[in-house]
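Down below is the structure, laid out as structure tokens.
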Amino acid sequence: MGNELLSPSEMAEADRAAIAGGPFDGIGLMRNAGAAVAAIVLECYPYAARVHVLAGPGNNGGDGYVAARLLGESGVAVSLWASGTPRGGSDAAMAAADCPLAALPLADFAPGLGSIVVDALYGAGLSKPIEGDAERAIGKVTRLNLPVIAVDLPSGVSGESGRMMGSAFRAEVTVTFARRKPGHLLLPGRQLCGEVIVADIGINDAVVDAVRANTFENTPALWRGMLPSPAVDAHKYERGHVGVFSGGPTSTGAARLSALAAARSGAGAVTVLSPANALMVNAAHLTSIMLRKLDDAEGLQAFIEERRPAAFVLGPGFGIGEKTRELALAILGDGKGRAEGVEALVLDADGITSFRDAPASLFIAAGARDAAALVLTPHEGEFARLFSGLAADQSLSKLDKARNAAARSHGVVVYKGADTVIAAPDGRAAINANGTPWLATAGSGDVLAGLIAGLIAQGVPAFEASCAAVWMHAEAGSRFGPGLIAEDLPQALVPLLQELVTAGRG
1 MGNELLSPSE MAEADRAAIA GGPFDGIGLM RNAGAAVAAI VLECYPYAAR VHVLAGPGNN
61 GGDGYVAARL LGESGVAVSL WASGTPRGGS DAAMAAADCP LAALPLADFA PGLGSIVVDA
121 LYGAGLSKPI EGDAERAIGK VTRLNLPVIA VDLPSGVSGE SGRMMGSAFR AEVTVTFARR
181 KPGHLLLPGR QLCGEVIVAD IGINDAVVDA VRANTFENTP ALWRGMLPSP AVDAHKYERG
241 HVGVFSGGPT STGAARLSAL AAARSGAGAV TVLSPANALM VNAAHLTSIM LRKLDDAEGL
301 QAFIEERRPA AFVLGPGFGI GEKTRELALA ILGDGKGRAE GVEALVLDAD GITSFRDAPA
361 SLFIAAGARD AAALVLTPHE GEFARLFSGL AADQSLSKLD KARNAAARSH GVVVYKGADT
421 VIAAPDGRAA INANGTPWLA TAGSGDVLAG LIAGLIAQGV PAFEASCAAV WMHAEAGSRF
481 GPGLIAEDLP QALVPLLQEL VTAGRG
């Protein structure tokens with residue numbers, strides 16, 4: 001299966017197309033889904049004293065009726081609890097009619113210890129908060145800490161945004177169909193889904209391809225084929241040159257972390273661009289990474305003309321203000337077209353905050369016809385400084401916010417967090433699912449910015465480079481585990497890069 005993420009509306013479109021194309025009609029797909037749920041219940045909970053199946057009135061409930069019937073036929077003690085009645089003539093009504101178990105009213109639901117719960121109340125398309133009997137059922141299950149197997153998504157979790165709609169089940173296992181939904185990866189949905197199993201119910205890849213989804217789970221399948229592999233005769237500048245701006249004498253560490261990450265990514269040359277008063281501090285800590293004095297935009301132009309850097313990192317430890325804005329706009333081209341060879345600017349930390357009172361100047365420069373690519377890497381607070389209206393709009397999911405911000409800024413937006421979203425101006429977006437709390441350490445973001453720039457400098461497009469860097473950054477942090485500090489990350493990337501590049505060649 002592919003790594004597309006289907007919104008509830010896109011999943012409904014895929015369902016319709018699959019039914020129209022056959023070989024399964026609607027009830028056939030429903031029977032396949034219910035069978036998948038029943039099989040997972042039998043595999044994961046073979047010794048359950050009783051299985052309580054909670055069935056809603058829609059298609060999710062129809063899957064539950066099928067699962068209840070099959071579990072009963074397998075000799076499992078099953079109780080069936082219904083919330084509402086399926087619409088007459090619907091696939092769910094057919095599934096309910098096929099189920100010989102008597103459906104008890106959900107209002108009387110009374111689970112006992114040792115039982116498990118199959119949550120087939122509401123699926124990915126839930127649009128209003130859980131209330132009434134369903135809310136009370138969630139409370140009973142939660143108080144008894146019973147294992148829950150959710151059908152499609154835990155009831156109460158939005159498939160679109162991952163948000164809780166009032167109350168929600170916390171599942172140990174979630175069984176979804178054809179493809180994951182954004183709500184499986186966006187928080188808090190990801191935490192509430194437990195293990196997510198994608199079951200094949202007869203919706204083939206061609207049907208999903210026809211939906212033309214532009215949201216993806218961020219996995220190596222999305223970008224591994226674009227990772228660089230240098231030619232035998234390549235020299236260092238052909239492998240990409242990255243310039244990283246350093247702050248003053250007491251704020252140089254962040255730039256060096258970015259520079260080291262860019263170098264470890266495979267960039268052949270990395271230069272720290274240091275103000276004169278910090279040259280000696282940087283010189284004392286740099287070996288393979290080059291150092292150059294740079295105090296203003298005039299010096300920047302001279303550096304570009306002489307060394308032809310492909311990508312820049314601006315912001316980590318640099319300071320906030322007019323100088324930062326001037327340098328950023330100069331790299332983008334300032335409406336006059338980028339300098340030859342300059343491909344991208346990765347703007348992080350102080351670089352983002354410097355534009356909080358003048359975001360339009362940045363967005364206009366990035367949207368110019370021949371501008372360098374812009375990559376923004378904000379955490380939640382920085383996102384709000386640059387996109388205050390989007391950040392405050394509670395109707396938007398994190399995915400929506402990142403996608404709208406990318407369109408507005410004409411840049412790739414890496415909206416950081418445990419569920420980092422990477423969005424491109426053309427509408428593509430990826431949600432990262434391998435985040436780890438070990439990355440919550442000072443300097444971690446500086447490493448990410450350098451890694452993105454290093455990959456871009458080697459020819460990886462900005463969106464794919466950002467996706468690859470986010471995944472590798474998280475994976476390296478997860479593999480390292482407890483005790484991680486930012487200085488460990490560049491070295492931790494090495495075995496991971498070796499694996500990815502080797503696999504890409506294969």
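Residue numbers are given in our numbering: position 173 of the sequence shown equals residue 173, and the series is strictly consecutive.
Note that the Cβ used here is the ideal one computed from N, Cα and C, for glycine as well.
Keep in mind it's a predicted model, so treat the numbers as computed, not measured.
8 Å CB neighbourhood of residue i in its chain, flanking five on each side removed
i	result
Ile19	Asp25, Gly26, Leu29
Leu291	Thr271, Val272, Ser274, Leu279, Asn282, Ala283
Proximal residues to residue i (C-beta, below 6 Å), its chain only, five neighbours per side dropped
i	result
Asp233	The predicted model places Asp233 with a pLDDT of 49, which falls under 50 and marks its position as unreliable; any figure quoted below should be read in that light. Correct list: empty, nothing qualifies.
Ile320	Asp350, Thr353, Ser354
Leu192	Pro154, Val157, Ala168, Arg170
Leu104	Trp81
Asn404	Leu390
Val460	Met226
Tyr65	Ala55, Ala95, Ala96, Cys99
Check whether residue i and residue j have beta carbons under 8 Å apart
i	j	result
Ala262	Leu42	no
Ala276	Ile304	no
Pro378	Tyr415	yes
Arg212	Val198	no
Gly159	Pro182	yes
Ile149	Val196	no
Gly335	Arg308	no
Ala474	Ala492	no
Gly61	Ala120	yes
Ala38	Ala178	no
Asn218	Ile422	yes
Ile40	Val141	no
Ala311	Ala453	yes
Pro86	Pro57	yes
Ala344	Ala449	no
Ala124	Met11	yes
Asn32	Ile201	yes
Ala77	Ala107	no
Residue from the options whose Cα sits closest to the Cα of residue i
i	options	result
Gly435	Ala442, Ala402, Asn204, Ser478	Ser478
Asp419	Ala457, Gly443, Glu380	Glu380
Val51	Phe109, Ala406, Ala95	Phe109
Leu257	Ala12, Leu101, Leu489	Leu489
Gly266	Val494, Ser274, Thr176	Val494
Gly189	Arg163, Glu322, Gln498	Arg163
Ser466	Arg239, Thr174, Ala406, Leu186	Ala406
Leu126	Arg143, Ala102, Gly139, Asp152	Asp152
Asp295	Ala310, Ser274, Ala93, Gln394	Ser274
Ser361	Gly88, Ser409, Gly299	Ser409
Arg356	Ala77, Gly445, Ala384, Pro8	Ala384
Leu6	Val447, Leu113, Arg428	Arg428
Gln301	Asp393, Glu322, Ser388, Glu326	Glu326
Contact set for residue i: own chain, Cβ-Cβ below 7 Å, skip 5 residues either direction
i	result
Ala255	Val244, Phe245, Ser246, Gly247, Val272, Pro316, Gly317
Gly351	Leu314, Gly315, Phe318, Thr324, Ala328
Gly333	Ala365, Ala368, Asp370, Ala371, Ala372
Leu500	Pro220, Arg224, Leu227
Leu146	Pro111, Ser115, Ile116, Val117
Glu135	Gly166, Ser167
Ala137	Leu54, Leu106, Phe109
Buried/exposed call for residue i, threshold 16 Cβ in 10 Å
i	result
Glu4	buried
Ile485	exposed
Thr252	buried
Gln458	buried
Met280	exposed
His241	buried
Pro111	buried
Ala440	exposed
Thr176	buried
Asp348	buried
Leu286	buried
Ala36	buried
Gly75	exposed
Tyr122	buried
Pro8	buried
Thr250	exposed
Cross-strand partners of residue i (DSSP beta bridge)
i	result
Lys293	Ser274
Asp393	Paired residues: none, contrary to the question.
Leu104	Trp81
His285	Partner(s): none; His285 has no beta bridge.
Gly321	Gly321 is not bridged to any residue.
Ser115	Arg50
Gly243	Thr271, Phe312
Thr215	Ala429
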